[in-house]
Amino acid sequence: MAGYDFKTIEEKWRTYWQDHGTFRVDNPGEEGFAPEKPKLYVLDMFPYPSGAGLHVGHPEGYTATDIVCRYMRMKGYNVLHPMGYDAFGLPAEQYAVEHGVHPRETTEENIANIERQIKMFGFSYDWSRRLATTDVDYYRWTQWIFLQLFNSYYDPEAAAARPIRQLIDRLLSGELLVDLAGRVVFPEPGEEISGDIFGMTGTHRKFAELDDEEKRAVVDDHRLAYMAEVPVNWCPKLGTVLANEEVTNEGRSERGDHPVYRRSLKQWMLRITAYAERLLADIETVDWPEPIKIMQRNWIGRSDGAEVDFPLESLGTDEWFEERNAGGFPTVEEEEVIRVYTTRPDTLYGTTYMVLAPEHPLVEQITTEPQRNQVRTYVKAAKNKSELDRIADTKEKTGVFTGAYAINPVNRRKIPIWVADYVMMGYGTGAIMAVPAHDERDFAFAMNFDLPITPILKRRDEADARYFVGTGHEESAKIYEAFKHNPDAFSALRGIDFGPVVHESDDNTPFIPNAAHEKFFDLDDSPKLWIFVGPTAHQDAASLAGLSSYGRAVPRCNPSMNEEHEYIHSGPLNGLSPAEGKKKITDDLEAAGMGKGAVNYKLRDWLFSRQRYWGEPFPIVHCETCGTVPLPEDQLPLTLPAMDDFRPDSTDNPEAPPQPPLGKATDWIRTACPNCGRPATRELNTMPQWAGSCWYYLRYLDPKNSEQFVSPDVERYWMNHSKDGGVDLYVGGAEHAVLHLLYSRFWHKVLYDLGHVSTPEPFHKLFNQGMIRSFAYRDDRGVYIGYENIDFRDDGAYHKKTNQKLSESVEKMSKSLKNVVNPDDVIEEYGADTFRLYEMFMGPLEASKPWNTRDVPGAYRFLQRVWRMCLGDEENGIRSLLVDETEMEKGVEKALHKLIKKVAEDIEAMKFNTAIAAMMDFVNTCYKAMAITQCQVIRFLGVLNPFAPHITEEIAEQLGRTESIAYESWPPFDERMIEDETVEVPVQINGKVRSRVTVPAKADDDAVLELVLADRKIAPQVAEKKIVKKIVVPGKLVNLVVK
RNA sequence: GCCGGAGUGGCGGAAUUGGCAGACGCGCGGGAUUCAAAAUCCCGUUAUGGCAACAUAGUGUGGGUUCGAGUCCCACCUCCGGCACCA
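Sequential numbering of the first sequence, starting at 1, is according to the working numbering.
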């Protein structure tokens, strides 16, 4: 046979698979469907078809899933393995704007190119299911799902989404009431709702008594898709709002590097926060990498605490407290009451001031006249801050006193109310109780503005809270000098906890001593603070040094809380431990009607609109009479209007109103209200890129269905016909750990609640492939040098022209680092099978690892060896190793059985690198034996086929197969063939290997020891000594402990 | 700062989870084949000492547990990823 000509072979087999529909898989109800087989749904994160095409990271995950799919087909599974494109989004639009072409055109070109690249790898996708999020047939259903969200509300009693019609009916019947803030009041579990159970009269209204506009507002406010005025990242230059991840750390747009401003705009929001608890709880049910689960939990950010009411000074009279006591904690904040959220209600006695977020509605109302200008200036500045300023300012705490005071409900003390931007409106209630003695931020703020600091927790074994003292530099120097002359006198001060410590920094930030500071810092560092511990330590130290003044005593900040602590200065809590205190204070607050246990989440509602052209249009019409009206389903799809000029209006003015590109499609905008038929306008925003990727895995199931987004029978089969519901294996990069995966889970749960899908979670098993990076080279000046200009020698990389030695580092692949590897080039030179093999052989799939082009020939050589082993290479006069069955080598047969077992185990554990190593080893074994039979070759090809499908198909054909081996059964192995009769075990003396003995595999411990003691190396070493202990690990090792 | 992950030959990485450290590949050295080269096949390749058998050291650093530690525990260092005033 001729040599290994990968170009011809790979082309041939790709065509074969396509022409024969080898990897098409039928749905239940279709002709070729095989109901008796188990199903497997293996999904790749679909790519964004960028102009740059595929990079080597994409095929890494795709190869891994392809191996699993091909293996599982051989194991007899119905395998669903589709591919598609996430094609909406800003990059396509920006590219189109820059080059003056319609985004649909560039998108289609990019898809064609990336698909050409993907197909070169010979992946076993069912291409008949291909989709793109930009297909009208696809986004029609994205719009349909949006309507599901719009037409639903979250019912807290059912803990599930329900049709909004049900809410309206319950409101109309009077079963549910509306509070003064326009929120529907749902009964507590077990609570009976009647007209007057809500305590004070006049706090609730009947829905039926509202006017039409009010009714609409109440209903719209409970939809899962709703419009709200929210602070957003507004980029006037791009003319659009941006998602947080589209904004750089420097507060600029990722695309184009333009300034981004915080600004309030009316936007579409999705009520993902309603699902926070379920999203959190159900993480436990899926098989995902633990770090990803942790990231999702952190993102959701549940915290348990309490809401507490602080009345303003004017309101907080004894009578008011009594009323409260009787009436209980109201669901809605009363006027003139500041409601805070805290995770540490137990520190209430240490609350010495309050802080409102600049956006807090009470700020304007409570500010006193003398403070008004200052407060207004501050609030305005805080609101207009760009992201950049916000980040830069996090070090320094700023704020302004409002002039107003509130009453601390537990000790009735009057405490000042401040405004500061370290409190954010978006979390909790936008107001906090500040406990500077036990919270780092409050402490920094209190130090800055000289606010009182009261410690309320101390360690049980401590006399009182610890103190430190700040003095000026000169005093520090004097005390230090005094200490050096007479350390013994100072050591008496250490009795309490710490010795004197010198502050190590120059600025005025407060210093928090800990055990690590129990030593003196070098005075040359210009210390400004001395730290002493104990109520009078600072005085004592000053007098020892002969100083009359000793600075100011300040309690330190101690955020820690464990069971070794007890309360002080806390009234009824004094002496309790934190666990006891937390429980008691929450009970007391509830009894007094001053507070209530509460849960908070960091998770925010999802900002769902963008001022862009290249996204899904909202199926929404705005009507003056009827308000926000959804399009009826039969009017879907609402297609994007044809436009020549789809660029957003660009400006430098951060205050300019957004002008979405769709605003220019004047004919398209004007429409009739689906409700009343009067003239109305279409929604001008479009959906964000995440929308399309939220549910693509469902459309793959039934991509051609024009009646439904997916047929229920088909959905149930592919998603819910195995032990665990959902996609059986989902592989992609960890960059989607949070957003895509969280958004998808949210949509899926809504669809589940509404009965459109059968599983609560979309992706049962998730696997993250590691990032492929590559070596980057720099010359002395730090300029990056491309590979084409590098001479690789034994001792390093040199510049071809200047002969300069270059420094090497491993970096993300990027054009600017000149270290991008193009898969096209590699395939051109070595073929797809080699590429696949190399990427899988680089290391563990989940690990980040560097691409090294110089290693690729290793994989290529292996395939060459396989080829020659099976077929020989006449041109080079090399004969194959094929021998007759009668000359079968037992060693090869045994190695083959071991290999089959090993590779199966490794594929199932996604450990492809070691599977390949085992195959290389097997081939080496065959070469040593100089023999392999045809029957062995066929089995070996089966094992190698998932990894290198083209070459294995070709070899099989040349050996006489007449059809594809893709559905060949996975070769069986015999456990008895694998067992060894004898094993070599190492013999250790005192833990060091001194010899090895060969023993029968089934020998018992005594028999093994007998052999060991007779060993010619061991015998002399133990002869003179006493054997203290004998350890025999069967089949592993023997260890003798001697004296 | 907080939360994850990882540090093993010249390089990418193995090591059945506490039992022979360095599988497999790259690179390098040697040999065979060849007029020669490429390709191919075979042998060697952690370091130090020794002709060798062998000895000693060795998995980021320092301690510890254990008959035995790359693997477990404590403290620290470095790199990578994520979050970042979340009350």
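The C-beta atom is built at its ideal place from N, Cα and C for all residues, glycine as well.
Given the structure is predicted, the values throughout are model-derived calculations rather than measurements.
Quick check on DSSP: helix, strand or coil for residue i?
i: residue 998; result: strand
i: residue 678; result: coil
i: residue 773; result: strand
i: residue 65; result: helix
i: residue 988; result: strand
i: residue 1028; result: strand
i: residue 218; result: helix
i: residue 1052; result: As shown, the chain starts at 1 and ends at 1043. That puts residue 1052 outside it, with no answer to give.
i: residue 622; result: strand
i: residue 207; result: helix
i: residue 565; result: strand
i: residue 813; result: coil
i: residue 583; result: helix
i: residue 834; result: helix
i: residue 1022; result: helix
i: residue 763; result: strand
i: residue 179; result: strand
i: residue 18; result: helix
If I'm right that residue i touches residue j with Cβ under 8 Å, what's the distance once you round it to whole angstroms?
i: residue 746; j: residue 300; result: With 8 Å as the limit, residue 746 and residue 300 do not qualify as a contact, their Cβ atoms being about 11 Å apart.
i: residue 416; j: residue 405; result: 6 Å
i: residue 784; j: residue 797; result: That belief does not hold up - the Cβ atoms of residue 784 and residue 797 are roughly 12 Å apart, past 8 Å.
i: residue 873; j: residue 951; result: About 13 Å separates the two Cβ atoms, so there is no contact after all.
i: residue 1012; j: residue 993; result: Not a contact, Cβ separation roughly 12 Å.
i: residue 771; j: residue 57; result: 6 Å
i: residue 995; j: residue 987; result: 5 Å
Might you give, ordered along the chain, the residues of its own chain that have their beta carbon closer than 8 Å to the beta carbon of residue i, omitting 5 neighbours on each side?
i: residue 673; result: 621, 623, 625, 626, 629, 679, 680
i: residue 152; result: 161, 162, 163, 164, 223, 224, 750, 753, 754
i: residue 939; result: 896, 900, 971
i: residue 186; result: 155, 156, 157, 176
i: residue 955; result: 866, 867, 870, 871, 937, 941
i: residue 313; result: 404, 405, 406, 407, 414
Please state if the CB of residue j and the CB of residue i are separated by a distance shorter than 9 Å.
i: residue 916; j: residue 941; result: no
i: residue 48; j: residue 89; result: yes
i: residue 431; j: residue 381; result: no
i: residue 39; j: residue 718; result: yes
i: residue 349; j: residue 410; result: yes
i: residue 459; j: residue 565; result: yes
i: residue 838; j: residue 856; result: yes
i: residue 561; j: residue 344; result: yes
i: residue 445; j: residue 437; result: no
i: residue 614; j: residue 107; result: yes
i: residue 612; j: residue 31; result: no
i: residue 597; j: residue 169; result: no
i: residue 989; j: residue 1028; result: no
i: residue 609; j: residue 268; result: yes
i: residue 14; j: residue 128; result: no
Short of 7 Å in beta carbon distance, which residues of its chain neighbour residue i, apart from the five on each side in sequence? Order them along the chain.
i: residue 44; result: 61, 62, 65, 83, 731, 732
i: residue 910; result: 64, 767, 845
i: residue 144; result: 633, 636, 709
i: residue 270; result: 149, 224, 225, 605, 606, 608
Taking all protein chains shown into account, decide if residue i is buried (16 or more other Cβ within 10 angstroms of its Cβ) or exposed.
i: residue 172; result: exposed
i: residue 578; result: buried
i: residue 1001; result: exposed
i: residue 457; result: buried
i: residue 1026; result: exposed
What does a CB cutoff of less than 6 Å around residue i pick up in its chain, not counting 5 residues either side in sequence?
i: residue 87; result: 49, 107, 132, 133, 134
i: residue 1062; result: A query on residue 1062 cannot be resolved here, the shown segment of the chain reaching from 1 to 1043 and no further.
i: residue 885; result: 933
i: residue 235; result: 242, 253, 258, 260
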